[in-house]
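Here's the structure, in structure tokens; my notes come after.
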Amino acid sequence: MTNNKSVLNWIAEVKDLVTPDNVVWIDGSEKQIQELRDESVRIGEMEKLNEEKLPGCYLHRTKENDVARVEARTFICTTKEEDAGPTNNWCAPAEMYKKLYDIARGSYKGRTMYIVPFSMGPIGSPLAKIGIEITDSIYVVLNMIIMTRVSPKVFDVLGDSNDWVRCLHCKCDIDPENRYICQFPEDNTIISVNSGYGGNVLLGKKCFALRIASYQGWKEGWMAEHMLILGLENPKGEVKYIAAAFPSACGKTNLAMLIPPEYLKKKGYKVWTVGDDIAWMRIGEDGRLYAINPENGFFGVAPGTNSKSNFNALESTKKNTIFTNVCLNLDDNTVWWEGLNKDLPENALDWKGNKWDPKKFNKADKSTCAAHPNSRFTAPAENCPCISDEFDKGAGVPISAIIFGGRRAKTAPLVYQSKNWENGVFVGSAMASETTAAAAGAVGVVRRDPMAMLPFCGYHMGDYFQHWLDMGKKLGDKAPKIFNVNWFRTDDEGNFVWPGFGDNMRVLNWIIDRCEDKVDAVETAIGFVPNPDDIDLTDLKDFSRETLVDILNVDKETWLKEAAEIEEHYKKFGDRLPAELKKQLETLKENLNK
Ligand code: GTP
Ligand code: SPV
Ligand code: MN
738 MTNNKSVLNW IAEVKDLVTP DNVVWIDGSE KQIQELRDES VRIGEMEKLN
788 EEKLPGCYLH RTKENDVARV EARTFICTTK EEDAGPTNNW CAPAEMYKKL
838 YDIARGSYKG RTMYIVPFSM GPIGSPLAKI GIEITDSIYV VLNMIIMTRV
888 SPKVFDVLGD SNDWVRCLHC KCDIDPENRY ICQFPEDNTI ISVNSGYGGN
938 VLLGKKCFAL RIASYQGWKE GWMAEHMLIL GLENPKGEVK YIAAAFPSAC
988 GKTNLAMLIP PEYLKKKGYK VWTVGDDIAW MRIGEDGRLY AINPENGFFG
1038 VAPGTNSKSN FNALESTKKN TIFTNVCLNL DDNTVWWEGL NKDLPENALD
1088 WKGNKWDPKK FNKADKSTCA AHPNSRFTAP AENCPCISDE FDKGAGVPIS
1138 AIIFGGRRAK TAPLVYQSKN WENGVFVGSA MASETTAAAA GAVGVVRRDP
1188 MAMLPFCGYH MGDYFQHWLD MGKKLGDKAP KIFNVNWFRT DDEGNFVWPG
1238 FGDNMRVLNW IIDRCEDKVD AVETAIGFVP NPDDIDLTDL KDFSRETLVD
1288 ILNVDKETWL KEAAEIEEHY KKFGDRLPAE LKKQLETLKE NLNK
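Right, here's the structure in full:
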């Protein structure tokens, strides 16, 4: 497939290390895909689903100990410890390579080594990057074929360049005690051992497109962010692009595929999906910020996805999709998950493969769930009914607004606009959210997750904040406007107050109006909030203007507490915290005390 020396040398080295029985080069052809699917079913790794109802779809169950990203076992291995920063686990490269090689040595014995050449971003795009993943898992190969652009063509683009990312995955025994997800940003290398789950093993995704790419972006003057990208089309047919960073399982896929409320649809408003998880952004020739989605599919959260909450995501999963850790409905060999519909399957297997008893199902007790809370679908982007025309174009889309957000039961209002880019960087750096099932560990605890990048930044976060500030300087008055949203304010009973989902369009319209200077706002200590009358509540049932006023409120006492917590959070970054951000925090405190 290639004569590239750096590629062939690395593959030979890895082969000597892992000693496979066979070696297979992946070309991503239909024929090869079908052979791999058949082989995967034969060895019991995947199950074929109902060909009439779900053509080309398969179910995979991971080990029970391997159902989410493992942040505690994820490492950034830079020469100097301080370069990984206070928010990453660090290990010296030499020590970690030795440990990983000891684990990987001989681990492909009796197995096949698959070589997967892939492009993150449209092949040949100036914003794209190339990687090669070596894996012993057909499930990983088939997922990579959906999630990235796998093709021998990437070698034509690569030529004899050494600018590509080495990705090695070894399933080993899925031993959680020896599970490591390691990035070596200085060597363009990723090694993952003892896992078979999503973000741990689809190495093009979080490991490359965020951890390695964020480091590359810092060095090369661009940005790799945990952001969806959407195009909002108005009745005149003009499309404005928005990028939004929310932590894992906080609504990126949903917002990216939003269907506007009926009254806006009738007027001609539409949303187009460019990406649902990752954005790579560069300054274009006209000085604006342009974004591509480096991925080629969606690795989306299944529970809660239904034809009402996210019609487009559900449609995307109807063919050529791989489901992971969902429930199998034995009656018709299809899949089910909590929140898909009200018809609990009578005759089904839960995500562990055990008989599931719908009578014992209790929403509040996760152990009675049929699908794992972090169960996922891997669906090709081309299946998505609202995929943007720009998705496959390498040039990227110009970003008008950047949105930060998270799950905050109180504190953050429904939406506010930062005062300027620097203040927006402050808002992003101070972001917090209640934790979800997307990562192993406690769920529902508030943690600071700057720019939704806490688990994904491949270098010191203080330097990362400075990089954001530097990008702002370069963008000048062409910089996107920065906003913060919170769909997750709760009432005293813990119910979400804002209807969310499609109705988030009402907030997006305000955001675009602000970008175009079409609407005034109220200046508060934290930024600009909407005049309640500027959030259109047309046809919104059971939601009063009073409630809106309530969730737009910026409570002084709550925010003074928040400012104190941000101050604590900032201490971690020591002298790498940009002075500008310290100044921003002081200004916030002054504003609150006015
Ligand atoms: P990752 O793939 O982990 O990065 O997640 P994501 O940010 O793409 O989150 P996703 O869109 O899959 O949503 C996760 C969960 O949040 C699902 O259970 C959704 O139903 C729920 N959710 C999404 N949008 C909203 C919203 O506007 N309001 C409420 N209340 N819940 C939402
Ligand atoms: C996330 O956790 O942010 C995901 C899923 O998108 S994973 O690919 O596992 O990282
Ligand atoms: Mn994500």
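Letter by letter, the sequence shown follows residues 738 to 1331 in the numbering used here. We put the CB at the ideal spot given by N, CA and C, even for glycine.
### Message
Let me check understanding here. Comparing Cα to Cα, which of Leu-1314, Glu-750, Ala-982 and His-1197 lies closest to Gly-1165?
### Response
Taking the first residue of the sequence shown as 1, we reach residue 1165 at position 428. Here the closest residue by C-alpha is Ala-982.
### Query
Going by other Cβ atoms of all chains shown within 10 Å of its Cβ, with 16 needed for buried, is Val-1182 buried or exposed?
Against the sequence shown, residue 1182 aligns to sequence position 445. Classification of Val-1182: exposed, given that the 10 Å Cβ count is below 16.
### Message
Which of the three DSSP states is assigned to Pro-854 in this structure?
### Response
For the purposes of this step, residue 854 is taken as residue 117 along the sequence shown, with counting starting at 1. Strand at Pro-854.
### Query
When the Cα atoms are used, what is the spatial distance from Asn-1062 to Gly-1213?
Numbered from its first residue, the sequence shown carries residue 1062 at position 325. Numbered from its first residue, the sequence shown carries residue 1213 at position 476. Each residue's alpha carbon lies about 46 Å from the other.
#### Entry: Residue closest to Ala-805, alpha-carbon to alpha-carbon, out of Thr-1148, Arg-1145, Tyr-978 and Phe-1036
The residue you call residue 805 lines up with position 68 of the sequence shown. The candidate whose alpha carbon is nearest that of Ala-805 is Phe-1036.
### Task
Give the secondary structure of Thr-1261 by DSSP, where H, G and I count as helix, E and B as strand, and everything else as coil.
Numbered from its first residue, the sequence shown carries residue 1261 at position 524. Coil at Thr-1261, not helix or strand.
### Query
Just the Cα atoms here: how many angstroms apart are Asn-740 and Ser-766?
For the purposes of this step, residue 740 is taken as the residue at position 3 of the sequence shown. For the purposes of this step, residue 766 is taken as the residue at position 29 of the sequence shown. In a straight line, the C-alpha of Asn-740 is about 21 Å away from that of Ser-766.
### Task
Kindly examine ligand 3 and report whether one of its heavy atoms sits closer than 7 Å to the Cβ of Ser-1170.
If you number the sequence shown from 1, residue 1170 lands on position 433. Because no heavy atom of ligand 3 lies under 7 Å away, the Cβ of Ser-1170 does not count as near it: no.
### Task
Hey, could you find the ends of the beta strand (DSSP E) Thr-811 is sitting in?
Taking the first residue of the sequence shown as 1, we reach residue 811 at position 74. That run of the beta strand (DSSP E) goes 811 to 813.
### Query
Any idea if Arg-903 is buried or exposed, counting beta-carbon neighbours within 10 angstroms, 16 or more meaning buried?
Within the sequence shown, numbered from 1, the residue matching residue 903 stands at position 166. Classification for Arg-903: buried.
### Query
Taking all protein chains shown into account, do 16 or more other C-beta atoms lie within 10 angstroms of the C-beta of Ile-780, making it buried, or fewer, making it exposed?
Walking along the sequence shown from the start, residue 780 turns up at place 43. Exposed, since its Cβ has fewer than 16 Cβ neighbours within 10 Å.
### Message
Considering Cα atoms alone, identify which of Cys-907, Val-891 and Thr-1105 is closest to Thr-849.
### Response
Within the sequence shown, the letter at position 112 stands for residue 849. Closest option to Thr-849, Cα to Cα, is Cys-907.
#### Entry: Where the beta strand (DSSP E) through Lys-1007 begins and ends
Here residue 1007 is taken as the residue at index 270 of the sequence shown, counted from 1. 1007 to 1012 is the span of the beta strand (DSSP E), which, as asked, contains Lys-1007.
### Task
Please confirm whether any heavy atom of ligand 3 lies closer than 7 Å to the CB of Ser-985.
Taking the sequence shown and counting its residues from 1, the one referred to as residue 985 is at position 248. At least one heavy atom of ligand 3 is nearer than 7 Å to the Cβ of Ser-985, so yes.
### Message
Nearest by alpha-carbon distance to Asp-924: which of Ser-862, Gly-1143 and Ile-813 is it?
### Response
As a position in the sequence shown, residue 924 is number 187, starting the count at 1. Among Ser-862, Gly-1143 and Ile-813, the Cα nearest to that of Asp-924 is on Ile-813.
### Task
Drop a sphere of 10 angstroms on the beta-carbon of Tyr-1027, count the other beta-carbons inside from all chains shown, and report buried for 16 or more, exposed for fewer.
On the sequence shown, position 290 is the one that residue 1027 refers to. With 16 or more other Cβ atoms within 10 Å, it is buried.
### Message
Using a Cβ-Cβ cutoff of less than 8 Å, which residues in the same chain neighbour Ile-860 once the five nearest sequence positions on both sides are dropped?
### Response
For this step, residue 860 is matched to residue 123 along the sequence shown. Within the same chain, Ile-860 has close Cβ partners Arg-886, Ser-888, Lys-890, Val-891 and Val-894.
### Query
Which residues mark the beginning and the end of the beta strand (DSSP E) in which Arg-1243 is found?
Residue mapping note: residue 1243 aligns to position 506 of the sequence shown, counting from 1. It is not in any beta strand (DSSP E) - Arg-1243 instead sits in the alpha helix (DSSP H) that spans 1242 to 1252.
### Task
Give me the Cα-Cα distance between Glu-772 and Met-738, rounded to the nearest whole angstrom.
Walking along the sequence shown from the start, residue 772 turns up at place 35. Walking along the sequence shown from the start, residue 738 turns up at place 1. About 19 Å.
### Query
Which two residues bound the contiguous beta strand (DSSP E) that contains Lys-785?
Translated into the one-based positions of the sequence shown, residue 785 becomes position 48. 783 to 785 is the span of the beta strand (DSSP E), which, as asked, contains Lys-785.
### Task
With hydrogens ignored, establish whether the beta-carbon of Asp-1014 is closer than 7 Å to any heavy atom of ligand 5.
Looking at this structure, you won't find ligand 5 anywhere; what it does contain is ligand 1, ligand 2 and ligand 3.
### Query
By Cβ distance below 8 Å, which residues in the same chain neighbour Asp-873 in space, the five residues on each side in sequence not counted?
As a first step, residue 873 must be located in the sequence shown, where it is residue number 136. Same-chain partners within the cutoff: Val-755, Pro-757, Ser-844, Tyr-845, Arg-848, Thr-849, Met-850, Tyr-851, His-906, Cys-907 and Lys-908.
### Query
Within 7 Å: the Cβ of Pro-1040 and any heavy atom of ligand 1?
As a first step, residue 1040 is located in the sequence shown; it is residue number 303 there, counting from the start. True, at least one ligand heavy atom lies under 7 Å from that Cβ.
### Message
What I want to know is whether the C-beta of Ala-1175 ends up closer than 7 Å to one or more non-hydrogen atoms of ligand 1.
### Response
Along the sequence shown, read from residue 1 onward, the residue named residue 1175 stands at position 438. The answer is yes for Ala-1175.
### Query
Looking at His-963 and ligand 3, is the gap between the Cβ and the nearest heavy atom below 7 Å?
As a working mapping, residue 963 is identified with position 226 in the sequence shown. Yes, ligand 3 has a heavy atom inside 7 Å of this Cβ.
### Task
Give me the Cβ distance between His-1109 and Trp-1093, rounded to the nearest whole Å; I'm assuming they're in contact under 8 Å.
For the purposes of this step, residue 1109 is identified with residue 372 of the sequence shown, where counting begins at 1. For the purposes of this step, residue 1093 is identified with residue 356 of the sequence shown, where counting begins at 1. The pair is not a contact, with the Cβ atoms about 12 Å apart (cut-off 8 Å).
### Query
With contact counted as at least three CB pairs below 8 Å, one residue from each stretch, are the stretch 912 to 920 and the stretch 864 to 881 in contact?
no
### Message
Taking only three categories from DSSP, how would you classify Trp-959?
### Response
On the sequence shown, position 222 is the one that residue 959 refers to. Looking at Trp-959 - three-state DSSP - the assignment turns out to be coil, as it is neither helix nor strand.
### Query
Does the stretch 815 to 829 come within contact of the stretch 1188 to 1204, defined as at least 3 CB pairs closer than 8 Å?
yes
### Query
Span of the beta strand (DSSP E) holding Arg-1170?
Position 433 of the sequence shown, counted from the first residue, corresponds to residue 1170. Looking at the sequence itself, residue 1170 is Ser, so the reference to Arg does not match. Residues 1169 to 1171.
### Message
Tell me whether Phe-1036, by its Cβ, gets closer than 7 Å to a heavy atom of ligand 2.
### Response
Translated into positions along the sequence shown, residue 1036 becomes position 299. Yes, since a heavy atom of ligand 2 falls inside the 7 Å radius drawn around the Cβ of Phe-1036.
### Task
Figure out for me which residue from Thr-799, Glu-801 and Ile-770 has the closest Cα to the Cα of Gly-793.
Position 56 of the sequence shown, counted from the start, is the residue given in the question as residue 793. Of the listed residues, the one whose Cα sits closest to Gly-793 is Ile-770.
### Query
When the Cβ atoms of the stretch 933 to 950 are set against those of the stretch 827 to 842, are three or more pairs found closer than 8 Å?
no
### Task
Take Pro-1340 and list the residues in its own chain whose beta-carbon comes closer than 8 Å to its own, dropping the five residues that flank it on each side.
Since the displayed the chain opens at 738 and closes at 1331, residue 1340 lies outside it and no answer follows.
### Query
Cα-Cα, which of Arg-1184, Thr-1115, Glu-1159 and Ala-1216 is closest to Ser-1137?
Position 400 of the sequence shown, counted from the start, is the residue given in the question as residue 1137. Comparing Cα-Cα distances from Ser-1137 to each of Arg-1184, Thr-1115, Glu-1159 and Ala-1216, the minimum goes to Ala-1216.
#### Entry: Residues bridged to Met-1198 (per DSSP)
Here residue 1198 corresponds to residue number 461 of the sequence shown, with the count starting at 1. Answer is none; Met-1198 lacks a bridge partner.
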